[in-house]
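Chains as they are written, first to last, in the working numbering: chain A, 2 to 421; chain B, 10 to 124.
Each residue gets a CB set at the ideal place from its N, CA and C atoms; glycine is no exception.
As the structure is a prediction and not an experimental result, all values here were calculated from the model.
Data first, discussion second: the structure below is written as structure tokens.
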């Protein structure tokens, strides 16, 4: 009945951002809520209809047409001052051009403008991130809450306020050309990386691999490079970083849909093409700048992982060096814990455990699943199996990702086996 | 063997709150479920219904906008399924993804000449 549905991963989320951007670009941020409703309603209709029927050959065109019709209906009912002719022309364009490459160009352009609208300087960074994740990424409040470690209702309230700001401060969408572009770009990059991380690392549910979101993030970053003002070193470094990460995508999960950790990954599954592309962008990023940004450093680290012939041949010294610079630039729990993994390889588990204890005392200590997983690894290296097991159990409790939980359970049973 | 009509009701409230990703996942569950029925030769027909409609009474003297009272009671779609008896039809309906959204399935035997 609908085997084709399985072929299109994440199309709903993907399309949500595209269509919202296109409609806001056309009808203006003043109608943002009606646009959201129209697109949400359209997806709902698609969900119901496509359950019974084949997915249309051109889903974007279908969704765009239905959403536009639905929006125009609403606007007419509200007797808003819409130029009738203009509306008709747009409808006609949508209906005739839905399969055209032309449509992709309009969507790309709309989304680039949309990125900058969401990151308008009059809007706080918190709101910028929420707007972008919602309106470009197509994430739900619940998903964003998990990504930003906040409560769902907090996100919902913030989003409502953020939209109000956007409506008030951004009358029409455009790409900034002025001097402030650089700082606006930094927020844009942060958001793209957040989107990417959501796809790459997974924060919820059974679906570990959200490759679609990763490529969507890369696509957004590539959109930026097409604009000469936006083509900055950090953008290229971020693209490199994302390419190196994604190159290991397929190796991180096995045929049984279980997580494969770095140590056991089949290096043959690493995507060489993506590593080559990543290299090109890292080279470009390095040429463009004198001092490495956080993205440069993370890209370099990810590069080391991606080119390692085996786990034991990983260049831990270089990785640790990069982390040492990175930690001075941006100290976060994730950076601290990731650094510890390489620190353990270079200096041994005893010293690494001391470092971990220092971290436990620090202000940004966060007893996350990752923290317990690292702790378990150190205990294992110290031959303290019971403590390692206990830490893994804590990690399971802290994790809300089924695959991750399974992975930790598997580690526990491996520990038990190793002691027999 | 008889044919049974499944009437799907409710679930709108929680459906509308789904994220795009969740909607797609839900849709795929319906696809898988119905695909399974089709493979087993149990699926005869089925279609989703639009929310808006009219209720015509007294040969058109009274026409009201439907559907109807509470959202929970609106029929959102139907399927026709082949089963040996009502119990089996009920059993089959248990796999329906509508329960994820607190909707329900009304299972009715379609009358046939060979009773």
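If you drop the 5 nearest sequence neighbours on each side, which residues of the same chain put their C-beta closer than 6 angstroms to that of residue i?
i                      : result
residue 145 of chain A : 134, 156
residue 123 of chain A : 170
residue 331 of chain A : 295
residue 104 of chain B : 42
residue 19 of chain A  : 108
residue 299 of chain A : 242
residue 117 of chain B : 14
With 16 as the cutoff for other CB atoms within 10 Å, does residue i come out buried or exposed?
i                      : result
residue 264 of chain A : exposed
residue 344 of chain A : buried
residue 207 of chain A : Caution is warranted here: a pLDDT of 33 is assigned to residue 207 of chain A, below 50, making its placement in the model unreliable, and no coordinate value can be reported.
residue 138 of chain A : buried
residue 86 of chain B  : buried
residue 61 of chain A  : buried
residue 18 of chain B  : buried
residue 347 of chain A : exposed
residue 229 of chain A : exposed
residue 65 of chain B  : exposed
residue 178 of chain A : exposed
residue 15 of chain A  : buried
residue 26 of chain B  : exposed
residue 100 of chain B : exposed
residue 216 of chain A : buried
residue 326 of chain A : exposed
residue 366 of chain A : exposed
residue 126 of chain A : exposed
residue 69 of chain A  : buried
residue 32 of chain B  : buried
residue 340 of chain A : buried
residue 28 of chain A  : buried
residue 1 of chain A   : Look at the range of chain A in this structure, 2 to 421, and you will see that residue 1 of chain A is not part of it.
Take residue i and list the residues in its own chain whose beta-carbon comes closer than 8 angstroms to its own, dropping the five residues that flank it on each side.
i                      : result
residue 260 of chain A : 209, 253, 254, 404, 405, 407, 408
residue 50 of chain B  : 91
residue 273 of chain A : 248
residue 13 of chain A  : 44, 47, 48, 139
residue 308 of chain A : 276
residue 381 of chain A : 389, 416
residue 223 of chain A : 240
residue 267 of chain A : 252, 261
Please name the residue, chosen from the options, that lies closest to residue i on a Cα-to-Cα basis.
i                      : options                    : result
residue 247 of chain A : A:270, A:225, A:256, A:258 : A:270
residue 219 of chain A : A:228, A:231, A:196, A:302 : A:196
residue 287 of chain A : A:376, A:109, A:113, A:238 : A:238
residue 140 of chain A : A:109, A:160, A:121, A:245 : A:160
residue 118 of chain A : A:103, A:105, A:136, A:106 : A:136
residue 113 of chain A : A:391, A:396, A:186, A:349 : A:186
residue 290 of chain A : A:236, A:53, A:414, A:182  : A:236
residue 369 of chain A : A:352, A:394, A:355        : A:394
residue 88 of chain B  : B:67, B:42, B:22           : B:42
residue 23 of chain A  : A:105, A:90, A:11          : A:105
residue 242 of chain A : A:268, A:305, A:183        : A:305
residue 11 of chain B  : B:94, B:107, B:112         : B:94
Would you list the one or two residues that DSSP bridges to residue i?
i                      : result
residue 55 of chain B  : B:88
residue 75 of chain B  : B:62
residue 17 of chain B  : B:86, B:114
residue 260 of chain A : A:254
residue 59 of chain A  : In DSSP, residue 59 of chain A forms no bridge with anything.
residue 12 of chain B  : B:91
In its own chain, which residues sit with a C-beta less than 7 angstroms from the C-beta of residue i, not counting the 5 before and 5 after it?
i                      : result
residue 2 of chain A   : Since pLDDT at residue 2 of chain A reaches only 31, below the 50 mark, its modelled position is unreliable, and no value is offered.
residue 116 of chain A : 133, 137, 189, 221
residue 414 of chain A : none
residue 60 of chain B  : 83
residue 5 of chain A   : In this prediction, residue 5 of chain A has a pLDDT of 38, which is less than 50 and means its spatial position is unreliable; nothing more can be read from the coordinates.
residue 74 of chain B  : 63
residue 245 of chain A : 276, 279, 300, 303, 304, 307
Is any heavy atom in the ligand GDP found nearer than 7 angstroms to the beta carbon of residue i?
i                      : result
residue 193 of chain A : Looking at this structure, you won't find the ligand GDP or any other ligand, since it has none at all.
* Asked: Using Cβ-Cβ distances below 7 angstroms, what residues of the stretch 51 to 64 of chain B are close to chain A?
  -> 55, 56, 57
* To do: Taking only beta carbons into account, state which residues of the stretch 282 to 301 of chain A come closer than 8 angstroms to chain B, listed in chain order.
  => none
* Near-chain B residues of the stretch 137 to 166 of chain A (beta-carbon distance less than 9 angstroms), N- to C-terminal order -> 139, 140, 141, 142, 143, 144
* To do: Scan the stretch 240 to 268 of chain A for residues whose Cβ lies nearer than 8 angstroms to a Cβ of chain B and list them as they occur along the chain.
  => none
* Taking a cut of 9 angstroms between CB atoms, which residues from the stretch 23 to 35 of chain B lie near chain A? -> 24, 25, 26, 27, 28, 29, 30, 31, 32, 33, 34, 35
* **Interface residues of the stretch 46 to 59 of chain A facing chain B [CB-CB below 7 angstroms]** => 48, 49, 50, 51, 52, 53
* Quick one: which residues of the stretch 8 to 37 of chain A get their C-beta closer than 7 angstroms to a C-beta of chain B? List them in chain order. => 11, 12, 13, 14, 17
* Asked: Using Cβ-Cβ distances below 8 angstroms, what residues of the stretch 349 to 383 of chain A are close to chain B?
  -> none
* Could you run through the stretch 183 to 202 of chain A and flag, in chain order, every residue whose CB is less than 9 angstroms away from some CB of chain B? => none
* Of all the residues that make up the stretch 93 to 118 of chain B, which are near chain A by a beta-carbon distance shorter than 8 angstroms? -> none
* Between the stretch 397 to 414 of chain A and chain B, which residues of the former have CB atoms less than 7 angstroms from a CB of the latter, in chain order? -> none
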